[in-house]
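Undergrad: Residues in the sequence shown are numbered from -11 upward in steps of one, following the working numbering.
Positions of the beta carbon are idealized from the N, C-alpha and C atoms, including for glycine.
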Amino acid sequence: MRDLKLHNVIVRYADGSDGLPEAAPFDGIIMAAAAPAMLPALREQLAPDGRMVLPVGMQEQWLYLIERWTHQGFSAKPGWEAVKFVPLLLGKA
-11 MRDLKLHNVI VRYADGSDGL PEAAPFDGII MAAAAPAMLP ALREQLAPDG RMVLPVGMQE
49 QWLYLIERWT HQGFSAKPGW EAVKFVPLLL GKA
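Shown next, in the form of structure tokens:
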């Protein structure tokens, strides 16, 4: 990240399904592994007007866009594209 001059990025090796609650809220979250289902913990860590892009599914995976409009309101746009990501290993670090 330093070589790319990206200074506002947090990288962490842990169970990605938990997110990073101590640093929330986030304007954007990008998942690089497929979750078996939507991840409520990550969705709750989005700031109002925040967006999350994540692959969801096991055998068939689809790219989703989650947008948080207010503290209570979300929209999920499924099925942008069929994708193939490595699986998110829940509980593994």
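I need the boundaries of the beta strand (DSSP E) containing A64, first residue and last residue.
TA: Along the sequence shown, read from residue 1 onward, the residue named residue 64 stands at position 76. Looking at the DSSP string, the run of the beta strand (DSSP E) that includes A64 is F62 to K65.
Undergrad: Roughly how many angstroms separate the alpha carbons of V(-3) and F14, rounded to a whole number?
TA: Reading the sequence shown from its first residue, position 9 is the one you call residue -3. Reading the sequence shown from its first residue, position 26 is the one you call residue 14. Answer to the nearest angstrom: the Cα atoms are 11 Å apart.
Undergrad: So which of A12, G7, P24 and L8 has the shortest CA-CA distance to K72?
TA: Start at 1 with the first residue of the sequence shown, and residue 72 comes out as number 84. Comparing Cα positions, the closest option is P24.
Undergrad: Count the other C-beta atoms from every protein chain shown that fall within 10 angstroms of the C-beta of Y1, then say buried if there are 16 or more, exposed otherwise.
TA: Reading the sequence shown from its first residue, position 13 is the one you call residue 1. Per the 10 Å Cβ criterion, exposed.
Undergrad: On the DSSP bridge list, what partners appear for L53?
TA: Within the sequence shown, numbered from 1, the residue matching residue 53 stands at position 65. DSSP output for L53 lists V41 and K65 as bridge partner(s).
Undergrad: Which residue from G45, P36 and G79 puts its Cα closest to that of W57?
TA: Position 69 of the sequence shown, counting from 1, holds the residue named residue 57. The residue with the shortest Cα to Cα distance from W57 is P36.
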